[in-house]
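> In my numbering, the protein residues as written are 35 to 216.
Positions of the beta carbon are idealized from the N, C-alpha and C atoms, including for glycine.
Here the structure is a predicted model, which means the values were calculated and not measured.
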């Protein structure tokens, strides 16, 4: 923001007034609002992406396909982290602690996604393949159903974990910039 300042300068014994343009120091009162508005814009973009995922049915497929419900835990953790980071963006007092919570949630979402992948693979490999009989259509259908549901768990938890982690990472960056004063 530019400010006009009048500076009196002495030029060869005479006092003259000249006007210069100078940058005012950043208004400290605007910094929290800038951080909050950046956070709010990020949350609106995330909400629009989530709305699109639900409108197309992709989110229902992922959440209902997870037999372990790890995707629900990951999404709940991301929602709690979003609220904590939003509060930190609005009220910067104690933002360092909120940032630590956000960093933990970011890492936990990624790890929950990987954990869901492992659990889904264990369920898939634990399918009773020894009793597979190609001639019995009902046993074949049951085996395929079990493998596909566990594959949905493996892929769905990974997708939700990565997406949640990226969303929290973006919010963490906004709060970090607010703390640093950038």
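Quick check on the DSSP output: the alpha helix (DSSP H) that includes residue 170 runs from which residue to which?
Translated into the one-based positions of the chain shown, residue 170 becomes position 136. Where residue 170 is concerned, there is no enclosing alpha helix (DSSP H), because DSSP gives it neither an H nor an E.
> Considering Cα atoms alone, identify which of 191, 85 and 70 is closest to residue 101.
Against the chain shown, residue 101 aligns to sequence position 67. Of 191, 85 and 70, the residue nearest in Cα terms is 191.
> Could you check whether residue 118 and residue 136 sit closer than 9 Å to each other, using their CB atoms as the reference points?
The residue labelled residue 136 in the question sits at position 102 within the chain shown. The residue labelled residue 118 in the question sits at position 84 within the chain shown. The answer is yes: Cβ separation under 9 Å.
> Quick one: give me the first and last residue of the alpha helix (DSSP H) that residue 105 is part of.
On the chain shown, residue 105 is found 71 positions in, with the first residue counted as 1. That run of the alpha helix (DSSP H) goes 104-124.
> So, are the CB atoms of residue 193 and residue 77 less than 9 Å apart?
The sequence position of residue 193 within the chain shown is 159, counting from 1. The sequence position of residue 77 within the chain shown is 43, counting from 1. No, these two residues do not count as a Cβ contact at 9 Å.
> With DSSP run on the structure shown, which of helix, strand or coil describes residue 215?
Residue numbering aside, residue 215 sits at position 181 when the chain shown is read from its first letter. Here residue 215 sits in coil by DSSP.
> Compare the C-alpha of residue 179 against each of 99, 74, 111 and 103 and name the closest.
Reading the chain shown from its first residue, position 145 is the one you call residue 179. The residue with the shortest Cα to Cα distance from residue 179 is 99.
> How close, in whole Å, do the beta carbons of residue 123 and residue 208 come, if the pair is a contact with beta carbons under 8 Å?
Residue 123 sits at position 89 when you count from the first residue of the chain shown. Residue 208 sits at position 174 when you count from the first residue of the chain shown. 6 Å between Cβ atoms; contact.
> Start and end of the alpha helix (DSSP H) containing residue 135?
Residue 135 sits at position 101 when you count from the first residue of the chain shown. Taken as a continuous stretch (DSSP letters only), the alpha helix (DSSP H) holding residue 135 covers 129-159.
> Expressed to the nearest angstrom, what Euclidean distance is found between the alpha-carbon atoms of residue 58 and residue 129?
The count along the chain shown starts at 1 and reaches residue 58 at position 24. The count along the chain shown starts at 1 and reaches residue 129 at position 95. For residue 58, the predicted structure reports a pLDDT of 44, less than 50, and the residue's modelled location is therefore unreliable. A value from the coordinates is still provided. Rounded to the nearest angstrom, the two C-alpha atoms are 26 Å apart.
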